[in-house]
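Asker: Counting along the sequence shown from 1, when you hit position 75 you're at 86 in our numbering, and nothing is skipped either side.
My questions will all concern the structure given below.
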Amino acid sequence: MKYVLKSEQLVLFFFTVIFFPFATNLPWYFYAGLFFAPDLAFIGYAVNSKVGAIFYNVLHHQGIWMIVALIGFSTGTEWLLGLGITFVGHSAFDRIFGYGLKYFDSFHNTHLGIIGNNKNDFR
Numbered sequence: 012m013k014y015v016l017k018s019e020q021l022v023l024f025f026f027t028v029i030f031f032p033f034a035t036n037l038p039w040y041f042y043a044g045l046f047f048a049p050d051l052a053f054i055g056y057a058v059n060s061k062v063g064a065i066f067y068n069v070l071h072h073q074g075i076w077m078i079v080a081l082i083g084f085s086t087g088t089e090w091l092l093g094l095g096i097t098f099v100g101h102s103a104f105d106r107i108f109g110y111g112l113k114y115f116d117s118f119h120n121t122h123l124g125i126i127g128n129n130k131n132d133f134r
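Dropping the structure here:
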């Protein structure tokens, strides 16, 4: 099942890369420049695991960014459409490598399973 989920995210990632220039007239560097912006959510982990998980999950939740893209499309706000597509692509990219939405107890505990070298710490 893990490989099915990863392949699904791979398709979604490539879809965002291919779809972006057709959906918007934004330059390619908009996508490339903002692609890793959701990772700024790691700043929340400087406070504690719960705040970090909340920041991370908001910036990596595909549903939120699909709604943002839909609002951008519906209102003709091209930068909002581009932002939504870009952040969905980033989230899919992360999930290809097993980085899912975070639980409050640790960065390593995700909805896709435990990540990192110390998997026994969570059993």
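C-beta: ideal position from N, C-alpha, C; glycine also.
Report all residues from its chain with a CB closer than 6 Å to the CB of ARG134; omit the five preceding and five following residues, and keep chain order.
Answerer: Any reading at ARG134 is ruled out, since the residue's pLDDT is 47, under 50, leaving its predicted position unreliable.
Asker: Can you give me the C-alpha to C-alpha distance between THR121 and LEU81, rounded to a whole angstrom?
Answerer: Going from the Cα of THR121 to the Cα of LEU81 covers about 27 Å.
Asker: Roughly how many angstroms separate the alpha carbons of GLY124 and PHE66, rounded to a whole number?
Answerer: Near 19 Å, if we compare the C-alpha coordinates of PHE66 and GLY124.
Asker: Which runs of the beta strand (DSSP E) at least 3 residues long sit entirely within the segment 49–123? Give them in chain order.
Answerer: List check, beta strand (DSSP E) in window: 117–121.
Asker: Under a three-way DSSP split, which group does ILE126 fall into?
Answerer: Of the three classes helix, strand and coil, the one that applies to ILE126 here is coil, per DSSP.
Asker: Taking its Cβ as the centre, do 16 or more other Cβ atoms sit within 10 Å of LYS113, making it buried, or is it exposed?
Answerer: Result: buried.
Asker: Residues in the same chain with beta-carbon distance under 8 Å from ALA103, minus the five sequence neighbours each way, listed in chain order, please.
Answerer: So the qualifying residues of the chain are GLN20, LEU21, LEU23, PHE24, THR27, GLN73.
Asker: Between ARG106, ALA43, GLY44, PHE115, which lies nearest to LYS17 when the distance is taken from Cα to Cα?
Answerer: It is ARG106 whose Cα lies nearest to the Cα of LYS17.
Asker: What does the alpha-carbon distance come out to for the pair TYR56 and PHE46?
Answerer: Between TYR56 and PHE46, the C-alpha separation is close to 20 Å.
Asker: For the alpha helix (DSSP H) holding LEU21, just list the boundary residues, first then last.
Answerer: From DSSP, the alpha helix (DSSP H) with LEU21 extends over 13–34.
Asker: Please report the distance separating the alpha-carbon of ASN7 from that of LEU51.
Answerer: In this structure the chain extends from 12 to 134, so residue 7 is not present and cannot be described.
Asker: Report yes if the CB atom of TRP39 is closer than 8 Å to the CB atom of PRO49, and no otherwise.
Answerer: Cβ atoms of TRP39 and PRO49: not closer than 8 Å.
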